[in-house]
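Beneath this line is the structure, given in structure tokens, with notes to follow.
Residue numbers (our numbering): 78 to 498.
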């Protein structure tokens, strides 16, 4: 069953709400993810120092605002994203968002599980045959924190986040010294090509699914203000630092793999500790998100059981080769996940005027056709757009939903006035 205070199928009551420090630390641990540094490394290989900083600032600012907008709704309603989906997609139609959000987080979980196993085999000089047993070991081990629930995530984050921050600063300092200071960084010439819009989409995509599902924790905020501040600070600074640190070091060593970079810097032992602790920190919230989506998908309170099942599926995906698919996966997430948030925001503010009715007191339609249609339109437009895909998806789905609501709204029938002949 679910641990006390998790409420996978209902609103989080006021008695379960938490303060700014607790919410912020969990969100920081969520955004301090090694995979984001790998994506940042790709930026460092494709842009000069100044352009990289601008892209990181713009991409993470947009991501933080998106996360904060959903966090405000979550704090006001006490609902997470999959429960919000019932209102804008319908009782049965909401299973679409359950599947998409669960798939997105499951992909991240599989990538993280594969990464720690593959890197440990390389760094410790183990035989290749150890790779998949290590994936099984870490995949199931990572799920322990999520099974414990919010309390486990909170405790782990208070240890891992400060240590990770210190290690990143040390690594960036060493890289800057090796390249000859800031003048040396500014003189580095990129060796790969990437468009500006693709780069912004990739930065947004690093945590598009995470920002959409961070409502699992921001709904536990005591106030909307706490939820917004925690989201902005955590996503802008947390995710931003990971992007910049990965790009910064990649520019110096022309190596996008941050673990390999730390080995070149003589931080091999620290790299191993960072990798294991960091991935343990993020894999817990990630598989927690998957289990929350799975509980809503099958309308079950058995979140711990869903956690174990999801972890097992993630291990299978890891063994199947998820490690090699990070960048295409990020681009896909940047297109198909943000439109969910666009429909939710339009539904909450425009259709429900900033206040959902209690889930237990309302009978919802099986399918909300305007919501499902608006999502499909936004996702398709974002995927095909040459512009910044997440922004296109959010705006298109929100506007389309509002227009469809207006078109489908019953019109008042005016009385017919008969004139005397």
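Every residue gets a Cβ at the ideal spot worked out from N, C-alpha and C, and that includes glycine. If you're wondering where the values come from, they're calculated on a predicted model, not measured in any experiment.
Legend entry - Residue range of the alpha helix (DSSP H) that includes residue 137: Run containing residue 137: 126-154, per the alpha helix (DSSP H) assignment.
Inset, instruction - Can you have a look at residue 373 and say buried or exposed, based on whether 16 or more other CB atoms are within 10 angstroms of its CB? - result: With 16 or more other CB atoms across the displayed protein chains lying within 10 angstroms of its CB, residue 373 is buried.
Inset, instruction - Give the secondary structure of residue 95 by DSSP, where H, G and I count as helix, E and B as strand, and everything else as coil. - result: Of the three classes helix, strand and coil, the one that applies to residue 95 here is strand, per DSSP.
Inset, instruction - Evaluate contact between the stretch 375-382 and the stretch 397-417, counting only Cβ atoms and requiring at least three cross-stretch pairs below 8 Å. - result: No, the stretch 375-382 is not in contact with the stretch 397-417.
Legend entry - residue 518 and residue 281 closer than 7 Å at C-beta: Residue 518 lies beyond the stretch modelled for the chain, which goes from 78 to 498, so this question has no answer here.
Legend entry - Simplified DSSP state of residue 298, which is helix, strand or coil: If DSSP states are grouped into helix, strand and coil, residue 298 belongs with the strands.
Inset, instruction - Classify residue 343 as buried or exposed, calling it buried when 16 or more other Cβ atoms lie within 10 Å of its own Cβ. - result: It is exposed - the Cβ of residue 343 has fewer than 16 other Cβ atoms within 10 Å.
Inset, instruction - Let me know the secondary structure DSSP gives residue 485 once reduced to three states. - result: Residue 485: helix per DSSP, three-state reduction.
Inset, instruction - Leaving aside the five residues before and after residue 251 along the sequence, list all residues of the same chain whose C-beta is less than 6 Å from its C-beta, in chain order. - result: For residue 251, the CB contacts under 6 Å within the same chain, skipping 5 residues up- and downstream, are 342 in chain order.
Legend entry - Residues near residue 305 in its chain [Cβ-Cβ closer than 7 Å; skip 5 each side]: Excluding sequence neighbours, residue 305 sits near 145, 148, 149.
Inset, instruction - Mark residue 486 as exposed unless 16 or more other C-beta atoms lie within 10 angstroms of its C-beta, in which case mark it buried. - result: Exposed.
Inset, instruction - Determine the DSSP secondary structure at residue 428, reduced to helix, strand or coil. - result: It is helical.
Inset, instruction - Rank 368, 249, 411 by C-alpha distance to the C-alpha of residue 274 and give the top, closest one. - result: Among 368, 249, 411, the Cα nearest to that of residue 274 belongs to 411.
Legend entry - Contacts around residue 460, its chain only, beta-carbon distance under 6 Å, and the 5 residues preceding and following it disregarded: Correct list, in chain order: 412.
Inset, instruction - Excluding the 5 residues preceding and the 5 following residue 173 in the sequence, name in chain order all residues of the same chain whose CB lies nearer than 8 Å to its CB. - result: Close CB contacts of residue 173 within its chain, under the 8 Å cut and outside five residues either way in sequence, are with 162, 166, 449, 452 (chain order).
Legend entry - Whole-angstrom distance between residue 434 and residue 440, CA atom to CA atom: Whole-angstrom Cα-Cα distance: 10 Å.
Legend entry - Validate contact between the stretch 124-135 and the stretch 263-272 using beta carbons, cut 8 Å, 3 pairs: Touching, yes, given that three or more Cβ pairs across the two stretches are closer than 8 Å.
Inset, instruction - Determine the direct distance from the alpha carbon of residue 378 to that of residue 85, and round the result to whole angstroms. - result: Just so you know, the alpha carbons of residue 85 and residue 378 end up roughly 6 Å apart.
Inset, instruction - Mind listing, in chain order, the continuous alpha helix (DSSP H) runs of no fewer than 4 residues lying wholly within the stretch 409-454? - result: 415-423, all fully within the stretch 409-454.
Legend entry - Spatial distance of residue 184 from residue 258 (CA atoms): For residue 184 and residue 258, the distance between alpha carbons rounds to 38 Å.
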